[in-house]
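In my numbering, the protein residues as written are 11 to 244.
See below for the structure under consideration.
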Ligand code: NDP
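Here it is, written out as structure tokens:
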């Protein structure tokens, strides 16, 4: 199995774990990075997903190097947590633009090659918060819930063309993003997780790899929770 796979935000955290997993399985992996250094040993292109032109350029570079993208993993995401009364309109729209509209830009660009090939796999990284909401995360939860409606619409629109759209909904995972929480918030959230610990990025990567694999050929429009049981399947 050697497919052309593109993972956004693949320079660190969950995205890097996903990239390593596909590379270890023998796929031709490309990652995008926005800032800092590209990860060692992976083909990397600079791209900010809030800019359609940069998304287009990134795809062109990946297509030249590895051929048309057959598997897209939209992982790049941000938080800007704030209680509603203190949340600025910019806090809200920036998170939506990155997490939700970013996925739209990527999926739209990827679908060109996938429609031509009459096959493709798209996995969007949502969040457990999408389904249950969270105080202080109205912008983030709205963006991650929006991904569910987006992916399910795409699953219906493009299913007959051999393209699947699925989502993973990770619970709290050990990355820079969860380190922004206070010790008290982490302990409080941990107490609600039946498995009693945070996820490791590799555990999210395993679910993503499954959804992109032949074993998941008849799964589309699904939300797969990887949350230690916190949401009990929701
Ligand atoms: P990190 O903060 O560690 O990494 C986020 C990644 O997204 C970085 O590579 C970052 O690039 C990239 N990124 C952010 N904004 C943009 C942008 N505008 N354009 C391109 N790339 C961008 O987060 P995680 O690894 O924890 O999160 C990965 C995904 O998983 C996110 O979508 C997140 O919402 C989701 N998730 C995370 C959970 C957690 O507890 N960690 C729980 C549930 C979901 P750069 O290095 O340049 O900043």
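Ideal Cβ placement from N, Cα and C applies to all residues, glycine included.
This one's a predicted model, so the numbers in the text were calculated from it and none came from an experiment.
Short of 6 Å from the beta carbon of residue 44, and not among the five residues preceding or following it, lie these beta carbons of its own chain, in chain order: 58.
Rounded to the nearest angstrom, the Cβ distance from residue 84 to residue 18 is 6 Å, consistent with a contact under 8 Å. Ranking 161, 12, 23, 172 by CA distance to the CA of residue 117 puts 161 first. In the structure shown, residue 208 falls within a coil segment according to DSSP collapsed to helix, strand and coil. For residue 171, the CB contacts under 7 Å within the same chain, skipping 5 residues up- and downstream, are 125, 128 in chain order. Its chain contains 107, 108, 112 as the residues whose beta carbon lies nearer than 7 Å to that of residue 60, once the 5 sequence neighbours on both sides are disregarded; these appear in chain order. Distance from the Cα of residue 142 is smallest, within the candidate group 153, 134, 133, for 153.
In the DSSP assignment, residue 24 falls within the unbroken alpha helix (DSSP H) covering 23–34. Restricted to the region 141–226, the beta strand (DSSP E) segments that are unbroken, complete and at least 3 residues in length are 173–180, listed in chain order. In this structure, residue 168 sits away from residue 208, with a CB-CB distance that is not shorter than 8 Å. At a Cβ-Cβ threshold of 8 Å, residue 55 and residue 32 do not count as neighbours. Annotation: residue 228 to residue 95 spans about 44 Å, alpha carbon to alpha carbon. Bridge partners of residue 14 according to DSSP: 38. For residue 240, the secondary structure class from DSSP, reduced to helix, strand or coil, is coil.
The three-state reading of DSSP puts residue 132 in strand, counting E and B together.
Excluding sequence positions up to five before and after residue 29, its CB lies within less than 6 Å of the CB of 17, 20, 39, 41, 52, all in the same chain and listed in chain order. Ranking 69, 93, 146, 75 by CA distance to the CA of residue 121 puts 69 first. Closer than 7 Å to some heavy atom of ligand 1: that describes the Cβ of residue 187. Around the beta carbon of residue 137, 16 or more other beta carbons lie within 10 angstroms, which makes this residue buried.
Residue 147 counts as buried, since no fewer than 16 other beta carbons sit within 10 angstroms of its beta carbon. Residue 111 has its Cβ no nearer than 7 Å to any heavy atom of ligand 1.
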